[in-house]
Amino acid sequence: MNFSVIIPMYNSKDTIKKSIYSVLNQTYKEPIEIIVVNDGSKDGCNKIVENIIANNQTNRTIKLINKENGGVSSARNRGIKEVSGKYIAFLDSDDEWHPQKIELTLEALEDDSIKFLGHGYTLKNNFHQVYQLRKPTRTSFIELLLKNFAVTPSIVIQKDICGYFDENMTHTEDHELWLRVALKTDIYFLDLPLVTLGRPALSQGGLSANRWAMRKGELQMYKNIVSYKKILWLFFPFLVIFSLAKHLRYMIKDFFAKN
178 MNFSVIIPMY NSKDTIKKSI YSVLNQTYKE PIEIIVVNDG SKDGCNKIVE
228 NIIANNQTNR TIKLINKENG GVSSARNRGI KEVSGKYIAF LDSDDEWHPQ
278 KIELTLEALE DDSIKFLGHG YTLKNNFHQV YQLRKPTRTS FIELLLKNFA
328 VTPSIVIQKD ICGYFDENMT HTEDHELWLR VALKTDIYFL DLPLVTLGRP
378 ALSQGGLSAN RWAMRKGELQ MYKNIVSYKK ILWLFFPFLV IFSLAKHLRY
428 MIKDFFAKN
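Going by our numbering, the letters in the sequence shown line up with residues 178 to 436, in that order.
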């Protein structure tokens, strides 16, 4: 098994079927492991997954794990513990992969130096589009530190370097994990929109309270990362100022948008 997909699911009865079928319908013909982690849903979406499993006639393996609600990081971590593939990919239950997603990312990963790969996304279904592989570009640790270069459903990572999401974080927990991984290996970006998001990235930050929660998560992320690599403490004051300046910019932008 080369490829395992983790789909955290919470009250996703309206979207989970499309998400799973976007994996089942991949152009990649080899077996794929799909792990759906039901994080205490109350809307019956687990029954939808059970029905898909019962009627699955592909060479894809679908596994449903039911657990008490613990948040998306808890669900993803449970999935990470269960995977058997060499590579782990993440897909949210309201997003869909382009049919060539696995084919093209695995082709890029034939370069043995690449162990961590992210790619672009779109907000409009582009499944009719046929893509050719582009050469992934290396992203520096500093670039990643200042800006998360790829959404979680775009990440493909070797299992042996993945690590776990920090379950104490409710915001920027994905970015924090990618930074920890980036301390161990180079990271690459593939400029192809191979995932369609069900909602815009960072859309939960529309309200000022959520924006501040995002900012506090980012500050916690910086604190975590500098604790792993002591020399980064020299940059910590700059990172705090950088984060707060972004928050101020958003506040000003929101103010003028309302007035």
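Even for Gly, the Cβ is constructed at its ideal location relative to N, Cα and C. Source: prediction; values computed, not measured.
- Shown here, E273 sits in a strand according to DSSP, grouped into three states.
- Take G340, set aside five residues on each side of it, and the residues of its chain with a beta-carbon closer than 7 Å to its own are L354, R357, V358, in chain order.
- Look at the beta carbons and you see the stretch 286–304 not touching the stretch 390–408: under three pairs across the two are nearer than 8 Å.
- A direct Cα-to-Cα measurement between N223 and N215 gives close to 7 Å.
- Y205 sits away from L294, with the two beta carbons spaced by 7 Å or more.
- Per DSSP, the unbroken beta strand (DSSP E) holding H296 starts and ends at 293–299.
- Selection R237, Y187, I229 evaluated against K219 yields Y187 as nearest (Cα-Cα).
- The continuous beta strand (DSSP E) containing D216 extends over residues 210–216.
- In the DSSP assignment, V182 falls within the beta strand (DSSP E) that extends over 180–186.
- Around R392, the same chain offers S420, L421, K423, H424 as residues with beta carbons nearer than 8 Å, after the five sequence neighbours per side are excluded.
- Spanning the alpha carbons of K244 and R253 requires a straight line of approximately 11 Å.
- If you look at L354, you'll find it in the alpha helix (DSSP H) that goes 350–359.
- Two segments are said to touch when three or more pairs of C-beta atoms, one from each, lie closer than 8 Å; by this definition the stretch 306–322 does not touch the stretch 234–241.
- The alpha-carbon separation between G248 and N401 amounts to approximately 20 Å.
- Within the model, the alpha-carbon separation for G375 versus I332 is close to 16 Å.
- Beta-bridge partners assigned by DSSP to K244: D216.
- With contacts defined by Cβ atoms closer than 7 Å, L396 and H275 do not form a contacting pair.
- In the three-state reduction of the DSSP assignment, I239 falls in the strand class.
- In the displayed model, R376 falls within coil according to three-state DSSP, outside both helix and strand.
- With fewer than 16 other beta carbons inside 10 angstroms of its own, G221 counts as exposed.
- For V333, the enclosing beta strand (DSSP E) stretches over residues 333–335.
- In this chain, the beta strand (DSSP E) harbouring R315 covers 314–316.
- H296 has its alpha-carbon roughly 6 Å from the corresponding atom of D368.
- A residue is called buried once 16 or more other Cβ atoms fall within 10 Å of its Cβ, and S290, having fewer, is exposed.
- Put simply, the backbone Cα of K292 is about 21 Å away from that of D343.
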